[in-house]
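Okay, so the sequence shown: first residue is -12 according to this note's numbering, each after it adds one. Just so you know, even glycine gets a beta-carbon here, dropped at the ideal spot from N, CA and C. Everything numeric in this text was worked out from a predicted model, so none of it was measured. What follows is a single structure, written as structure tokens, with notes after it.
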Amino acid sequence: MTNFEHELVALDPAAAQPYRHPDLDALISRVVASPRVAPSRVWRSFRFKIGSALAASALVTSGAVALFSGAGPGLTVLALAGTSANVPRSTIMMVPEVYSFSAGPSLSLATPNSASYPLTLPDAATEASRLAGIFGVSGTPVASNGDTSWTVSAPSGASLDYETTGLPEWYYSSTSPAIAPATASSTSLADLPSAATLESDATTYLNELGYGYTVSDPSVSTSTTSSTAPDGSATTIAEETVDYQVDVNGIGTDQLVSFSVDNNNDLLYASGPAFDVGSSVAYPLQSPADALGVLNAAQQSLANEHTSTSDVAPGVAGSTSLGSSTSTTVPVEQVTISDDTLTLQTYVLADGSVWMLPVYDFTGTSTDASGATATNTWNELAVDPSYVQITNSATGGSSLEYH
-12 MTNFEHELVA LDPAAAQPYR HPDLDALISR VVASPRVAPS RVWRSFRFKI
38 GSALAASALV TSGAVALFSG AGPGLTVLAL AGTSANVPRS TIMMVPEVYS
88 FSAGPSLSLA TPNSASYPLT LPDAATEASR LAGIFGVSGT PVASNGDTSW
138 TVSAPSGASL DYETTGLPEW YYSSTSPAIA PATASSTSLA DLPSAATLES
188 DATTYLNELG YGYTVSDPSV STSTTSSTAP DGSATTIAEE TVDYQVDVNG
238 IGTDQLVSFS VDNNNDLLYA SGPAFDVGSS VAYPLQSPAD ALGVLNAAQQ
288 SLANEHTSTS DVAPGVAGST SLGSSTSTTV PVEQVTISDD TLTLQTYVLA
338 DGSVWMLPVY DFTGTSTDAS GATATNTWNE LAVDPSYVQI TNSATGGSSL
388 EYH
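Structure, rendered in structure tokens:
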């Protein structure tokens, strides 16, 4: 469980209690009767935004706000929309893990160059209608959820859904089966089209979409799903999917575009982000070593949030107790960072604009008190902290985002 998940659990005192729905059978029946939609990328984007926003928030204290009064010639402060992570001590259900980061010998010492990019977002209703036309769905966009979601539906069951919260995402589904697909491992995949055919089809759609981004090398996978035939009987569908990572000026991002076809090469599902890339802005970056310092500062903040002030250790490298009334300690895992990769991640600014900002993806090995090791990835905003401001400061935040 990540530190962020620990914080979410701590917000709900009942989160650790076992739960069983009073009518579980009826609930399962409703779930399996729900139509399938293309896999959502929103949660992935949300994790990146929250993880790094909480990290940067550790830099914002009452004594440090003055540092953000000027961001340099021609540059404005990047005011990120922060999230409060304050947790009442009375509701804390478990002790978080705290990490102490150090640079391994192979970690890059040089500060890379990468621009930041404001994104241009299309008009929601117009774009939903345009996308529906590309995928052959005829109809008028219908708004829901306070105009944050738009849907175009066809009598055949095909639909195009367009979500505008944060970075807009679109989802195409060719059908709304009465029985939601489920894994069925016994069906042959031999009749699926070749990867080259699928990639050619996807390229055609990408050209029609016409967004101002490129995509990486494709990743192709296969699966089988159960669905419902026109006569109401159960049927099994072989499915082949190609995923592309969205790139901006040759740098990978946290966004994906996906297309799935059946054995007749008919499009089943598709999804991806909707944006064009604005003019690049050259915000200075901090070095990988400085970014690790920010990670450690965020970890110290996390330790402080779960420790009384009289018991806070001077650094995160040692265990800290949770207060004079208890001997419980905050576990500390030592992390040696061996590699860093610069990517672009999606952020929503306080004014509602959406940007792609450079982020370090650190790969390292953590070692707990028992000596057990694990390899994970942590993320940290690469933009120099003097150009970043969190609009509502959070305490106890963590920039950890590992997978």
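query: Given D234 as reference, the closest of G265, Y200 and S266 once Cα atoms are compared; result: Y200
query: Distance CB(A196)-CB(E227) smaller than 7 Å; result: At residue 196 the sequence reads Leu, which differs from the Ala that was named. Their beta carbons are not under 7 Å apart, which means L196 does not touch E227 by this criterion.
query: Option nearest G339 by Cα separation, candidates T212, P271, P105 and G61; result: P105
query: I377, buried or exposed, once every other Cβ within 10 Å from all chains shown has been counted against 16; result: buried
query: Residues that DSSP places opposite N366 in a beta bridge; result: D348
query: Straight-line gap, A97 to T364 (C-alpha atoms, nearest Å); result: 20 Å
query: Whole-angstrom C-beta distance between G259 and V244, which should lie under 8 Å; result: 4 Å
query: For Y192, the three-state DSSP class (helix, strand or coil); result: helix
query: The alpha helix (DSSP H) enclosing A285, as first and last residue numbers; result: P275 to E292
query: Inter-residue spacing [alpha-carbon to alpha-carbon] between N252 and A189; result: 11 Å
query: L272 versus L289 - alpha carbon distance; result: 24 Å
query: Cβ-based burial, G237 [other Cβ within 10 Å; buried from 16]; result: exposed
query: CA nearest to the CA of A111, picked from G144, G280, V139 and I324; result: V139
query: S146: first and last residue of the uninterrupted beta strand (DSSP E) it sits in; result: S146 to E150
query: Sequence-distant residues of its chain with Cβ nearer than 7 Å to A90 (five each side left out); result: A276, L279 and I324
query: Span separating the alpha-carbon of E84 from that of V319; result: 6 Å
query: 8 Å contact criterion, which D204 and T330 should meet: CB distance rounded; result: Not confirmed; about 15 Å, so no contact.
query: Rounded separation between Q223 and S161 - CA only; result: Correcting the residue identity first, residue 223 is Thr in this sequence and not Gln. Going from the Cα of T223 to the Cα of S161 covers about 15 Å.
query: A356 classed as buried or exposed, judged by whether at least 16 other C-beta atoms fall within 10 angstroms; result: exposed
query: Short Cβ contact (7 Å threshold) for Y149 with F122; result: no
query: Contact under 7 Å by Cβ, A66 with A337; result: yes
query: Sub-7 Å separation of A115 and V335 beta-carbons; result: no
query: L368 versus A177 - alpha carbon distance; result: 44 Å
query: Start and end residues, alpha helix (DSSP H) containing E114; result: A111 to I121
query: Of the listed residues V322, S213 and D327, nearest to T362 (C-alpha basis); result: V322
query: Inter-residue Cα distance where the pair is S213 and A221; result: 7 Å
query: Spatial distance of W342 from V370 (CA atoms); result: 12 Å
query: Residue(s) in a DSSP beta bridge with E84; result: Paired residue(s): none; E84 is not in a bridge.
query: Environment of D134 [buried if 16+ CB atoms lie within 10 Å]; result: exposed
query: Burial state of G120 (16 or more Cβ within 10 Å); result: exposed
query: Assigned secondary structure, T240 (DSSP; H/G/I helix, E/B strand, else coil); result: strand
query: Top-ranked residue by Cα proximity to V202, from S210, S208, P345 and Y192; result: Y192
query: Straight-line gap, S353 to S87 (C-alpha atoms, nearest Å); result: 9 Å
query: Cut-off 6 Å between Cβ atoms - residues of its own chain near P128, not counting five sequence neighbours on either side; result: A112, A115, S116, W137 and V139
query: 8 Å contact criterion, which A141 and G126 should meet: CB distance rounded; result: 6 Å
query: Spatial neighbours of A182 in its chain, beta-carbon cut-off 6 Å, leaving aside the 5 residues before and after; result: V207
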